[in-house]
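Going by the numbering used here, the letters in the sequence shown line up with residues 1311 to 1487, in that order.
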Amino acid sequence: MALLRGVNVGGVTIRSADLAEVFRSAGFTGVRTVLASGNVVFDDPEHEPGETADDARGVLKRRIERALAEAFGYEAWIVLTHQHALADVVDAYPWTEADEVQPYVMFSSEQSSLDALLAFSAAAGEQPDRVAPGDGVLYWEVPKGSSTDTAFAKESSKARFKPHVTTRNLRTLRKLL
């Protein structure tokens, strides 16, 4: 599945039907979009599920980003994940969900970006939000209404992370499964 960064926020508006059509036109099957935040579940007939090597994943990532850029006229950034890996990430969420917080998972195509964000969180000391490492992700819990206001939120939205990092609410991820 592909998690697009920055779709339907910040001036990049893409209709779900148009997004799905780009994936179908690129040769993918079983295409479905989930919500309007740039989530595309698809099958790649050239690869078996769970068997895409890192280098093949890079080729696939660039192929999809190029198709999105051509179709919608913006510099597309995506993170790829597999359904089984996503299920493991969701199951490993480290905190009990509560009404007063937003549960997020941060994905990145570059582990170094997640490492930098984790280091920032550790150096920031006591904050209203919590960050924990996961398997290729960061878990982030933030008080409702503060997802753009905390020191960690501001750091994670900096331009240097834009091409590599995308964040999803845990409830959204469950809908992808």
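Beta carbons: idealized from backbone N, C-alpha and C, even for Gly. Note that the coordinates shown come from a computational prediction; the quantities given were computed from them, not determined experimentally.
Along the chain, where does the alpha helix (DSSP H) containing residue 1489 start, and where does it finish?
For the chain, the structure presents residues 1311 to 1487; residue 1489 sits outside this window and is missing.
Apart from the five residues just before and just after residue 1461, which ones in its own chain have a Cβ nearer than 7 Å to its Cβ?
Within the same chain, residue 1461 has close Cβ partners 1434 and 1437.
Taking only runs of the alpha helix (DSSP H) that begin and end inside the segment 1390–1438, which ones reach a length of at least 4 residues, in chain order?
The segment 1390–1438 contains these whole alpha helix (DSSP H) runs: 1393–1401 and 1421–1434.
Quick one: Cα of residue 1448 to Cα of residue 1479, how far?
12 Å
Does DSSP put residue 1478 in a helix, a strand or coil?
strand
Please list, in chain order, all residues of the same chain as residue 1341 whose beta carbon is under 6 Å from its beta carbon, the five residues on each side excluded.
1330, 1333, 1334 and 1352
Does the segment 1388–1408 touch the segment 1452–1459, meaning 3 or more C-beta pairs lie closer than 8 Å?
These segments do not touch.
Measuring CA to CA, which of 1470, 1312 and 1367 is closest to residue 1422?
1470
Where does residue 1319 sit, in a helix, a strand or coil, going by DSSP?
strand
Inspect the beta-carbon positions of residue 1402 and residue 1445 and report whether they are closer than 9 Å.
yes
How about residue 1485: is its Cβ closer than 8 Å to a heavy atom in the ligand SAM?
The model on display carries no ligand, and the ligand SAM is accordingly not part of it.
Do residue 1415 and residue 1399 have their CB atoms nearer than 9 Å?
yes
Whose CA, out of 1339, 1347 and 1377, lies closest to the CA of residue 1323?
Nearest to residue 1323 by alpha-carbon distance, out of 1339, 1347 and 1377, is 1347.
Let me check understanding here. Comparing Cα to Cα, which of 1465, 1317 and 1336 lies closest to residue 1387?
1317
With a 10 Å radius around its C-beta and 16 neighbouring C-beta atoms as the bar for buried, classify residue 1547 as buried or exposed.
The shown model of the chain, from 1311 to 1487, leaves out residue 1547, and the question about it has no answer.
Which runs of the beta strand (DSSP E) fall wholly inside the segment 1437–1464 and span at least 3 residues, in chain order?
1440–1443 and 1447–1453
So what does DSSP say about residue 1340, is it helix, strand or coil?
strand
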